[in-house]
Amino acid sequence: VQRGPVKPSPGEHRLQYAYSLWFSRRTPGNKTSSTNYEQNIKLVGSFCSVEQFWALYSHCVRPCDLSGHSDFHLFKEGIKPMWEHDANKGGGKWIVRLKKGLASRCWENLILAMLGEQFMVGEEICGAVVSIRFQEDIISIWNKTANDQATTNRIRDTLRRVLNLPPNTIMEYKTHNDSLKDNSSF
Amino acid sequence: GTRIIYERNKLMQMRNSPLAR
């Protein structure tokens, strides 16, 4: 597992950005707080090429096979998957709630679009999260500037296209500032 | 500079490259 700055090996296909994959799981009975959240989140590895991504991804459990309250977070290297991080604090996320059984396919479609720069919003994308919960699963994509509506609309339209979900699928946008206030998204 | 863009199919093809193992 590569930690710290990553480099592509000869012959590999470089990505526009380097990314880090994180994993977190809520331990039963543990009260949620920002401190607990930060302690629970573990770096799995970092990559900067297509080949390095597949090598890491192939070793990870698919989201649908996870149990309990677990999350994968795939963020640009240097951005911590926390609302309070400088790159995130003025931002927000699009949220899509999924019926059980769809998370693995949707997560793969989402992250391939992100790694392949399909969102076409410059530096705006921060990362993506898949959250495994009891009744439903949730995927989200985080961007830097919550009040830039042209950008958030563009992200929503690309997300809808790459996830290939029914047209009536509900997509919600939530600013991290609101999440911090209501503490709802742990 | 130019952005490095990959379509989904291209990324899927590279999944089977020997370099990705």
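As they're listed, the protein sequences go chains A and B.
For what it's worth, the numbering used here labels the leading residue of the first sequence as 1, then goes sequentially.
For what it's worth, the numbering used here labels the leading residue of the second sequence as 1001, then goes sequentially.
C-beta: ideal position from N, C-alpha, C; glycine also.
Handout entry: When A:L21, A:W54 and A:Y57 are compared against A:V44, the one with the closest alpha-carbon
Key = A:L21
Exercise for the section: For A:K42, write down the residues that DSSP places opposite it in a beta bridge. Expected result: A:F23
Handout entry: Coarse secondary structure for A:W107, derived from DSSP in three states
Key = helix
Problem - Unbroken alpha helix (DSSP H) run spanning A:Y57, endpoints - result: V50 to S58
Exercise for the section: Please report how far the alpha carbon of A:I170 lies from the alpha carbon of A:N164, in whole angstroms. Expected result: 13 angstroms
Handout entry: A:Q16 in three-state terms, based on DSSP
Key = strand
Practice task
Provide the residue span of the beta strand (DSSP E) that contains A:R97, from first to last.
Solution key: G92 to L98
Exercise for the section: For the segment 136 to 147 of chain A and the segment 87 to 103 of chain A, state whether three or more C-beta atom pairs, one from each stretch, are separated by less than 8 angstroms. Expected result: yes
Exercise for the section: Flag this pair as touching only if the segment 103 to 110 of chain A and the segment 77 to 90 of chain A have three or more C-beta atom pairs under 8 angstroms; answer yes or no. Expected result: By the Cβ rule, the segment 103 to 110 of chain A does not count as touching the segment 77 to 90 of chain A, because fewer than three pairs are nearer than 8 angstroms.
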